[in-house]
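*Asks:* Sharing a structure below in structure tokens format, with a few things to ask.
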Amino acid sequence: MRTTGPPRTARPLTTTLAALALAVTGTLTVHTAPAQAAACNGYVGLTFDDGPSGNTPALLGALQRNGLRATMFNEGRYADAYPAQVKAQVAAGMWVGNHSYTHPHLPQLGQSQIDSEISRTQQAIAVAGGGTPKLLRPPYGETNSTVRTVAAKYGLTEIIWDVDSGDWNGAGTDAIVQAAGRLANGQIILMHDWAANTLAAIPRIAQGLAARGLCAGAISPQTGRAVAP
């Protein structure tokens with residue numbers, strides 16, 4: 593240990609680390625955030641159904657690394673089972689919506705059963721720390737006047753989709769990226785929390801949106817369209 597001699601002029605930590613990197617590797621790599629569009633010329637809604645789950649942390653990590661926000665349509669049974677992941681969704685800047693409690697075909701149920709599916713999910717998400725949802729994604733995109741009546745009772749706006757990624761049906765990563773490439777301003781894409789190919793597609797989806805000047809936005813309960821967060 594050096595204890596004598598003239599005092600040294602302290603260098604900023606970043607300079608010291610950079611010098612060390614150069615000495616060790618001969619090169620200096622600077623890691624920056626993913627490139628984003630300089631300006632948002634429009635907004636699209638990225639949505640992920642069927643969470644939360646054990647896959648949620650990886651999904652949230654990929655979205656955050658690529659500067660994307662999304663609406664997570666959670667099932668009530670999974671909000672009950674994975675409350676920490678509901679909190680993680682909110683902490684990561686995502687929005688949380690209602691996707692029923694057990695993912696049934698809602699139009700095939702009576703009004704009291706539909707009410708139970710929706711109300712229990714509202715409660716499960718709120719108890720888990722996801723707030724009170726304002727959006728409902730009916731399973732399979734199936735709805736009718738009774739579903740809409742019950743949704744309105746809980747202050748929920750039905751959200752279907754404009755573009756289906758096909759990830760639920762085994763679509764490959766390229767196909768999912770291409771589907772996202774069809775999104776126009778205000779439109780919404782259907783994806784899923786559990787789909788591995790969707791997770792792999794996220795960086796390319798982000799790049800494609802940025803190249804077209806589109807940003808990932810919120811979904812307005814008033815219009816049902818994607819808007820600025």
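Sequential numbering of the sequence shown, starting at 593, is according to this note's numbering.
Cβ atoms here follow ideal geometry from the backbone N, Cα and C, with glycine treated the same way.
By DSSP, does Tyr-670 sit in helix, in strand, or in coil?
*Replies:* Three-state result, Tyr-670: helix.
*Asks:* Using the Cα positions of Pro-821 and Ser-708, report the straight-line distance between them to the nearest angstrom.
*Replies:* Computed Cα separation, rounded: 31 Å.
*Asks:* The beta strand (DSSP E) spanning Asp-642 covers which residue range?
*Replies:* Element bounds for Asp-642: 634 to 643.
*Asks:* For Gly-689, report the span of its beta strand (DSSP E) as first-last.
*Replies:* Here the beta strand (DSSP E) through Gly-689 covers 687 to 690.
*Asks:* Tell me whether His-691 is buried or exposed, calling it buried when 16 or more other Cβ atoms sit within 10 Å of its Cβ.
*Replies:* By the 10 Å Cβ count, His-691 comes out buried.
*Asks:* Can you tell me the Cβ-Cβ gap for Val-678 and Gly-721, rounded? I've got them flagged as a contact below 8 Å.
*Replies:* About 6 Å separates the two Cβ atoms, so the contact holds.
*Asks:* Tell me whether Asp-785 sits in a helix, a strand or coil according to DSSP, three-state version.
*Replies:* Reduced to three states, the DSSP call for Asp-785 is coil.
*Asks:* Is the CB-CB distance between Asp-785 and Thr-648 below 8 Å?
*Replies:* Against a cut-off of 8 Å, the Cβ pair of Thr-648 and Asp-785 comes out as a contact.
*Asks:* Excluding five sequence neighbours on each side, which residues of the same chain lie with their C-beta closer than 6 Å to the C-beta of Val-616?
*Replies:* Any reading at Val-616 must be qualified, since the residue scores a pLDDT of 36, below 50, and its modelled position is unreliable; the value itself is stated next. None.
*Asks:* For Ile-781 versus Leu-638, is the C-beta distance shorter than 8 Å?
*Replies:* Yes, Cβ-Cβ distance for Ile-781 and Leu-638 is below 8 Å.
*Asks:* How many angstroms separate the CA atom of Val-682 from the CA atom of Gln-700?
*Replies:* Distance between the alpha carbons of Val-682 and Gln-700: 32 Å.
*Asks:* For a test of the three-state rule: what should DSSP assign to Asp-756, helix, strand or coil?
*Replies:* In this structure, Asp-756 counts as strand in the three-state DSSP scheme.
*Asks:* Since Ala-808 is in the beta strand (DSSP E), which residue starts that stretch and which ends it?
*Replies:* Run containing Ala-808: 806 to 808, per the beta strand (DSSP E) assignment.
*Asks:* Leaving out five residues on either side along the sequence, give the residues of the same chain with a beta carbon under 8 Å from the beta carbon of His-695.
*Replies:* Answer for His-695: Asp-642, Glu-667, Pro-731, listed in chain order.
*Asks:* Hey, Leu-801 and Ala-808: beta-carbon distance below 8 Å or not?
*Replies:* Against a cut-off of 8 Å, the Cβ pair of Ala-808 and Leu-801 comes out as a contact.
*Asks:* Taking buried to mean at least 16 other C-beta atoms within 10 Å of its own C-beta, is Arg-774 buried or exposed?
*Replies:* Arg-774 is exposed by the Cβ-count criterion.
*Asks:* Can you find the residues in the same chain that come closer than 7 Å, C-beta to C-beta, to Tyr-746, ignoring five residues on each side of it along the sequence?
*Replies:* Around Tyr-746: Ile-710, Ser-711, Gln-714.
*Asks:* Report the rounded CA-to-CA distance for Gln-703 versus Ala-743, giving the unit in angstroms.
*Replies:* Approximately 11 Å, taken between the alpha carbons.
*Asks:* Using the C-alpha atoms, what's the distance from Arg-657 back to Leu-614?
*Replies:* Because the pLDDT of Leu-614 is 37, which lies under 50, any placement of that residue in the model is unreliable, and the question is left without a value.
*Asks:* Between Leu-698, Ser-645, Ser-737, which has its C-alpha nearest Ala-676's C-alpha?
*Replies:* If we check each option's Cα against that of Ala-676, Ser-645 comes out closest.
*Asks:* State the beta-bridge partners of Val-819 as determined by DSSP.
*Replies:* Val-819 is bridged to Ala-810.
*Asks:* In the DSSP assignment, the alpha helix (DSSP H) including Gly-721 goes from what residue to what residue?
*Replies:* Counting along the chain, Gly-721 falls outside any alpha helix (DSSP H), and DSSP gives it neither H nor E.
*Asks:* Return yes when the Cβ of Ala-772 is within less than 8 Å of the Cβ of Ile-811, no when it is not.
*Replies:* No, these two residues do not count as a Cβ contact at 8 Å.
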